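Every number in our numbering is 1416 more than the matching position in the sequence shown, counting from 1. The beta-carbon is built from N, C-alpha and C at its ideal position, and this holds for glycine as well. Keep in mind it's a predicted model, so treat the numbers as computed, not measured. Encoded as structure tokens, the structure appears first; notes follow it.
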Amino acid sequence: MKNIHFLSWNVRGANSSVSRRKIRDFIIFHKVNFLCLQETKTSKWSPIMKNSMWDNNSHGWLEVDSKGLSGGILCSWDSYNYDLMKVVSKDAWIWCKMRSKIEDIKFHIVNIQPSRIASKSGAMGSSKQHPDQCFR
């Protein structure tokens, strides 16, 4: 089985080219296949911004924009080796069901913005928004 390299990072901002270059260097050095960023503080991701973090054009993207300078999450993956089968996203999380193209292995990834969830009523907000509902 091929190794899967997964990175989850509270980046505290990904708007600057310097921040994205640091992320890119980390992705390349550690051969990351899946990237989950929190606190991107980015309200709109342009294709140039997204592409600046990978060394190739074979990647998929999902994002939840920040509200002003707070929050923002991003999921990205190597789309040459992995397919997105299903996605559910809300204002505080992204849930992805993925499939390996190399071996028929299916798995789930959930990227959660903790500060946005904690601010809702209850610990995780309403049950309709809770990522656990996706697995049923």
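Residues near residue i by beta carbon distance below 6 angstroms, same chain, minus five either side
i       : result
Phe1422 : Phe1450
Trp1461 : Glu1479
Ile1444 : Asp1471
Lys1513 : Met1501, Lys1502, His1524
Presumed contact (8 angstroms Cβ cut-off) between residue i and residue j, rounded CB distance
i       : j       : result
Trp1511 : Val1504 : 5 angstroms
Arg1515 : Tyr1496 : So it is not a contact: roughly 13 angstroms between Cβ atoms.
Lys1418 : Ile1518 : 6 angstroms
DSSP state of residue i mapped onto helix, strand, coil
i       : result
Ile1420 : coil
Ile1598 : The question about residue 1598 has no answer, for the chain in this structure spans 1417 to 1552.
Asp1471 : coil
Asp1441 : helix
Val1434 : helix
Gly1429 : coil
Lys1483 : strand
Met1506 : Before going on, a small fix: residue 1506 reads as Lys here, not Met. Of the three classes helix, strand and coil, the one that applies to Lys1506 here is coil, per DSSP.
Lys1513 : strand
Chain-order list of residues whose beta-carbon lies under 7 angstroms from that of residue i (same chain, five-residue window excluded)
i       : result
Asn1431 : Lys1457, Thr1458
Leu1453 : Trp1425, Val1427, Ala1430, Ile1489, Leu1490
Any chain D beta carbon closer than 8 angstroms to residue i
i       : result
Gly1429 : Absent from the structure is chain D; it holds one protein chain and no more.
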